[in-house]
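Read in order, the letters of the sequence shown are residues 535 to 1028 in this note's numbering.
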Amino acid sequence: MTPKDVVRRGRLAGERTGEMTQFLSSMNADRYIADADILVDMAHVLMLHKQQIIDRETAATLLRALLEFYDEGIPEAAFDEGFEDIHAGIESILIGIAGEEAGGRLHIGRSRNDEVATCIRMRLREDITKQMAILARIRQVLLELAARHEATVMPGFTHFQHAQPTTLAHHLLAHESAFARDYQRLSQALGRVNRCPLGAAAFASTGYPINREYTAGLLGFDGLVVNTMDAVSSRDFGLETLAHLSLMMTHTSRLYEEMILWSSPFIRFVSLDDAFCSTSSIMPQKKNPDTAEIMRAKAASVLGAFVAASATLKALPLSYNRDLQELTVNLWRGVRDAKHSSGLLAGMLETATFNTERMREEAGRGYSTTTDLADMLVRRLNLPFRTAHSIVGRAVQKGGLDLSTLDSASVEISGEALSTRGITVADVGQALDVEAAIASRKAPGGPSPVAVKSAIKEQQAELEKDREELERINEAYSRAVSALIRDAGRLAGE
Ligand code: ARG
């Protein structure tokens, strides 16, 4: 039997089919915010009592029931899909336990609209900090790998063709830089997520002498979503989180893609740990990078969640509309997919084996140091770069970089051979040297081991700062929750 929904019972009559009830209910998604809802209820009760809107005994009765839910778990009956949502479920069960006289006062001066927005923000701030921790770990692994591969020479690519030699450290640091920005974006979003909508009620606040700052403080928020209509109807905090997650997933997908390509027998730059691979049901030899492939696909799911959520909010008139319930489903889907797939990345990188010999072998292929040869001609002969570029390009077209081919290319382009202007076989050999090409690129952010070493130091320092900040944030949240439970316990007379 469906438990009695105290929200519907007054105004609405008529049975609803199971199908309709299920369609309307957000219960499935609400499991995710149920714990937050108990805290929001407690903070609200403490505030109603502080403001003398309910008496001490009522507050104590309500808090006793809520603390029991907190300690023992919310009764399963509150999750019945006969309830429109967890807010109706908990209130109904609470009235069943505490009686209408006390239980029926829980919802004074409040609406599910401000209640749900508060719960979502509380849950989301936790998810964001978890995601930040995942990103911090990915960054740490990338920095450690970079430190191990400061002098590991590999081909750098443009258009996925040999371009110029670089170091593996340089490549990994590029990924780390992108993840550091993803981290910053989430951290900035957190500041806007962690604002309290409570007290907005349906949208127009309430005539009771509520204290919004007090509930916000109890729940560990950094302040209010001040305008009460904005408080219940805005979801840009969720959309921007999804946008940032989607961008982060775009970055992870580029790295996954490289792991997939690099582990291909065509390239063999990396070998992924067996734990991250699958085999074929028919081809016994296969070791496939399936985990990375699913991770790559999850980037699409998170983007899909962002698009679905944005489209839900688009053109939605103020203030609350039930559409927002559906937006939340997409929010959690995106948050979950991002967490699960990025959560495996650090382990994949940590356990991967990089084939440095193969990398070195390819680094000098594909005429990858011809830029350096052109640069040498510019320096030695004071040629315009474009002239030198054309001479070397023509030599490549002719099929070689030996001095005689370079000479005939130079005659075609500039009318004069290089050797007659003093360029020797040794000069050409030196200019084409892979290690020398890398070592010469000492500009900040470049691939030379010297530049890479100082980049690692700087990026590591940045990461330490981010980690300390994250620890402070997490501590503040858990301190607020402990204080809330303590205050609730006191008033409940425990
Ligand atoms: N389950 C709803 C949601 O997730 C809660 C708010 C319901 N408010 C309402 N007016 N029907 O958005």
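Virtual Cβ for every residue (Gly too), placed ideally from N, Cα, C.
Asked: CB Val984 to CB Lys976, shorter than 7 Å?; Found: yes
Asked: Would DSSP call Pro743 helix, strand or coil?; Found: coil
Asked: How many angstroms separate the CA atom of Asn761 from the CA atom of Arg657?; Found: 21 Å
Asked: Using a Cβ-Cβ cut-off of 6 Å (strictly less than) and excluding sequence neighbours within five positions of Phe810, which residues of its own chain qualify?; Found: Thr825, Met882
Asked: Measure the C-alpha to C-alpha separation of Ala583 and Gly733 and round it to an integer number of angstroms.; Found: According to the sequence displayed, residue 583 carries His and not Ala. Cα to Cα, the separation comes out at about 14 Å.
Asked: Let's test the definition: count the other Cβ atoms within 10 Å of the Cβ of Gly757 and tell me whether it reaches 16, buried, or not, exposed.; Found: exposed
Asked: If you check the beta carbons only, do Leu861 and Arg719 fall under 7 Å apart?; Found: no
Asked: Could you pull out every residue in the same chain whose Cβ sits closer than 8 Å to the Cβ of Asn822, ignoring the five residues on either side in sequence?; Found: Cys811, Ser812, Thr813, Ser814
Asked: For Lys873, which residues from the same chain have a beta carbon less than 8 Å from its beta carbon, with the 5 sequence-adjacent residues on both sides left out?; Found: Asp661, Lys664, Gln665, Ile668
Asked: Establish whether the CB of Ala985 and some CB of chain C are separated by less than 7 Å.; Found: Chain labels in this structure do not include chain C; a single protein chain is all it has.
Asked: For Leu758, which of helix, strand or coil comes out of DSSP?; Found: strand
Asked: By the three-class DSSP mapping on this structure, what secondary structure does Pro699 have?; Found: strand
Asked: Starting from Met688, trace the alpha helix (DSSP H) both ways and give me its first and last residue.; Found: First-last for Met688: 687-692, but that is the beta strand (DSSP E), not the alpha helix (DSSP H).
Asked: Using 10 angstroms around the beta-carbon of Ser1016, count the other beta-carbons present and answer buried if the total reaches 16, otherwise exposed.; Found: exposed
Asked: Verify the contact flag: Leu850, CB atom, against every heavy atom of the ligand ARG, threshold strictly below 6 Å.; Found: no
Asked: Excluding the five sequence neighbours on either side, which residues of its own chain have a C-beta within less than 6 Å of the C-beta of Ile608, listed in chain order?; Found: Ala568
Asked: Per DSSP, what kind of secondary structure is Cys811 in: helix, strand or coil?; Found: coil
Asked: Tell me, which residues are paired with Cys730 by DSSP?; Found: Leu758
Asked: Select from Thr784, Ala738, Thr775, Pro799 the residue whose C-alpha is nearest the C-alpha of Val766.; Found: Ala738
Asked: Using CA coordinates, which residue listed in Gln994, Ile972, Gly979 is at the minimum distance from Thr686?; Found: Ile972
Asked: Could you tell me how far apart the beta carbons of Ile624 and Asp539 are, in whole angstroms, since I believe they sit closer than 8 Å?; Found: Not really, about 12 Å apart at Cβ, beyond 8 Å.
Asked: Within 10 Å of its beta-carbon, does Arg639 have 16 or more other beta-carbons around it, so buried, or fewer, so exposed?; Found: buried
Asked: Does the distance from the CB of Arg928 to the CB of Ile947 come in under 7 Å?; Found: yes
Asked: Could you check if Gln556 belongs to the surroundings of the ligand ARG, using beta carbon to heavy atom distance under 6 Å?; Found: no
Asked: Rounded to whole angstroms, what's the CA-CA distance from His641 to Asp589? Just pull it up for me.; Found: 14 Å
Asked: When burial is assigned at 16 or more other CB atoms within 10 Å of the CB, is His923 buried or exposed?; Found: buried
Asked: Can you say whether Asp807 is buried or exposed, counting buried as having 16 or more other CB atoms within 10 angstroms of its CB?; Found: exposed
Asked: Quick check: Leu597 and Val579, are their CB atoms within less than 7 Å of each other?; Found: yes
Asked: Between Ser626 and Ala612, what straight-line distance do the alpha-carbon atoms span, to the nearest angstrom?; Found: 8 Å
Asked: Taking the C-alpha atoms as reference points, what is the distance between Arg646 and Met783?; Found: 33 Å
Asked: Could you pull the start and end residues of the alpha helix (DSSP H) that Asn647 belongs to?; Found: 646-682
Asked: Nearest to Gln585 by alpha carbon, out of Pro743, Met817, Asp967?; Found: Pro743
Asked: Among Leu879, Leu1025, Thr775, which one has its Cα closest to the Cα of Arg867?; Found: Thr775
Asked: Which partner residues of Phe888 appear in the DSSP bridge assignment?; Found: Val804
Asked: Using a Cβ-Cβ cutoff of less than 8 Å, which residues in the same chain neighbour Phe557 once the five nearest sequence positions on both sides are dropped?; Found: none
Asked: According to DSSP, is Met535 helix, strand or coil?; Found: Legend: pLDDT at Met535 = 40, less than 50; position of this residue unreliable, value from coordinates given subsequently. The answer is coil: DSSP assigns Met535 none of H, G, I, E or B.
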